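Everything in the sequence shown is counted per the UniProt record's numbering, starting at 1 for the first residue and increasing by one.
Heads up, the beta-carbon is just placed ideally off N, CA and C, and yes, glycines get one too.
Quick caveat, the model's predicted, so the values are computed rather than measured.
Before any comments, here is the structure.
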Amino acid sequence: MPQKKEPLIQLKNVTQQFFSAENHSLPIIKDLDLSLYDGEFVSVVGPSGCGKSTLLNLIAGFLTPTSGQLFMRDQIIIGPDKSRGVVFQSPTLYPWLSVEQNIAYGPKRQKLPSEEIKQKVTTLIEQVGLIESETKYPFELSGGMKQRVSIARAMVNEPELLLMDEPFSALDAITRRNMQALLRGLWQKSHQSIFMITHDIEEALTLSTRVLVFPKNNPGELKEYTFDYTQKITQDSHYETEMDEAFQHDKLLLLNDIM
């Protein structure tokens with residue numbers, strides 16, 4: 001894990017409440033303190049409805065906390081901005097734009113020079129494995145290819161933090177494994193700071209340097225674990241998680257927290 005210095009993201013005593021139809025207060029996140037650091041790959045797991053996506057939406061600036069504050073490099077987070085890119089579970093592509101046009105949309109809105117935009121788009125198309133698909137439209141793409149475009153669209157603005165909300169959960173098993181390998185490679189080359197929500201414990205273990213767990217029946221509580229399985233996978237092409245007793249132990253540990 002990168003050496004911890006000043007936090008990239010910091011939550012201080014954050015509470016997020018929603019209200020039931022009877023106007024009863026429902027604390028989804030309660031008095032949470034959390035720090036994220038440059039270069040980390042952090043995953044969050046937990047049972048449905050525990051607050052995972054709420055936490056991501058707070059960091060993204062889509063929600064304002066009921067109380068407490070969120071900071072990015074000591075600046076209070078007020079609304080979304082391009083320093084935090086978001087990849088959702090369902091790809092959000094413009095159907096009337098081609099792959100390269102979808103990726104270029106953000107930089108064009110920022111009025112960047114055309115040559116700079118072209119270079120950024122070309123580089124990302126290569127990095128996410130979409131060469132020869134540049135001129136295709138979303139209806140011509142598989143689910144995995146659409147999500148590759150979504151990742152490129154989020155990264156083209158060079159965000160300091162990439163937020164991912166269950167990005168691979170709608171994909172079939174083989175495509176999901178391929179996308180996990182793609183994301184692992186992108187992170188290891190760039191050390192882009194990533195914060196990902198997932199229901200898949202194996203995905204969290206094999207991609208992340210740190211895993212945060214929302215335990216069952218404890219609103220807002222977070223448990224924290226650090227792992228190095230992503231390094232093992234990268235360094236040993238023959239490494240199999242199924243054969244690693246430590247991996248299976250850690251998988252069971254996380255399952256017991258959330259089941």
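Using 10 angstroms around the beta-carbon of residue i, count the other beta-carbons present and answer buried if the total reaches 16, otherwise exposed.
{"i": "P2", "result": "For P2, the predicted structure reports a pLDDT of 48, less than 50, and the residue's modelled location is therefore unreliable. A value from the coordinates is still provided. Classification for P2: exposed."}
{"i": "residue 260", "result": "As shown, the chain starts at 1 and ends at 259. That puts residue 260 outside it, with no answer to give."}
{"i": "I59", "result": "buried"}
{"i": "A173", "result": "exposed"}
{"i": "T54", "result": "buried"}
{"i": "N57", "result": "buried"}
{"i": "S150", "result": "buried"}
{"i": "Y94", "result": "exposed"}
{"i": "E245", "result": "exposed"}
{"i": "T198", "result": "buried"}
{"i": "M196", "result": "buried"}
{"i": "M179", "result": "buried"}
{"i": "L130", "result": "buried"}
{"i": "I117", "result": "buried"}
Alpha carbons only, please: which of the options is nearest the one belonging to residue i?
{"i": "T66", "options": "I29, P7, T230 and A204", "result": "I29"}
{"i": "P47", "options": "F214, K251 and F247", "result": "F214"}
{"i": "K153", "options": "L124, E132, P138 and L141", "result": "Here residue 153 is Arg; the residue named in the question, Lys, does not match the sequence. Residue L124 is the option with its Cα nearest to R153."}
{"i": "T209", "options": "K216, L222 and H191", "result": "H191"}
{"i": "L212", "options": "K52, S150 and R176", "result": "K52"}
{"i": "D228", "options": "L205, F19 and Q248", "result": "L205"}
{"i": "D33", "options": "F247, D257, T234 and E221", "result": "E221"}
{"i": "M259", "options": "F41, T226, K216 and Y225", "result": "K216"}
{"i": "S83", "options": "D38, V45 and G144", "result": "D38"}
{"i": "G49", "options": "G143, A104 and P27", "result": "P27"}
{"i": "G144", "options": "P113, L255, I117 and R177", "result": "R177"}
{"i": "N102", "options": "P138, M243 and E115", "result": "P138"}
Going by the CB atoms, is the gap between residue j and residue i shorter than 8 angstroms?
{"i": "V156", "j": "V121", "result": "yes"}
{"i": "L186", "j": "V87", "result": "no"}
{"i": "E202", "j": "K232", "result": "no"}
{"i": "Q17", "j": "L63", "result": "no"}
{"i": "L171", "j": "Q147", "result": "yes"}
{"i": "S43", "j": "L183", "result": "no"}
{"i": "G61", "j": "P91", "result": "no"}
{"i": "E140", "j": "E100", "result": "no"}
{"i": "F159", "j": "G106", "result": "For the record, residue 159 in the displayed sequence is Pro; it is not Phe. No, the Cβ-Cβ distance between P159 and G106 is not below 8 angstroms."}
{"i": "I194", "j": "F19", "result": "no"}
{"i": "D200", "j": "K223", "result": "no"}
{"i": "L254", "j": "V45", "result": "yes"}
> Do the stretch 166–176 and the stretch 3–12 touch if we need at least three Cβ pairs shorter than 8 angstroms?
Replying inline: no
> Is the stretch 70–83 close to the stretch 228–248, with three or more CB pairs under 8 angstroms?
Replying inline: no
> Considering only residues of the stretch 150–238, which uninterrupted beta strand (DSSP E) runs meet the minimum length of 3 residues and lie entirely inside it, listed in chain order?
Replying inline: 161–165, 193–197, 210–213 and 223–226
>> Give the list of continuous beta strand (DSSP E) stretches no shorter than 3 residues that lie fully inside the stretch 49–100.
In response: 67–72 and 84–87
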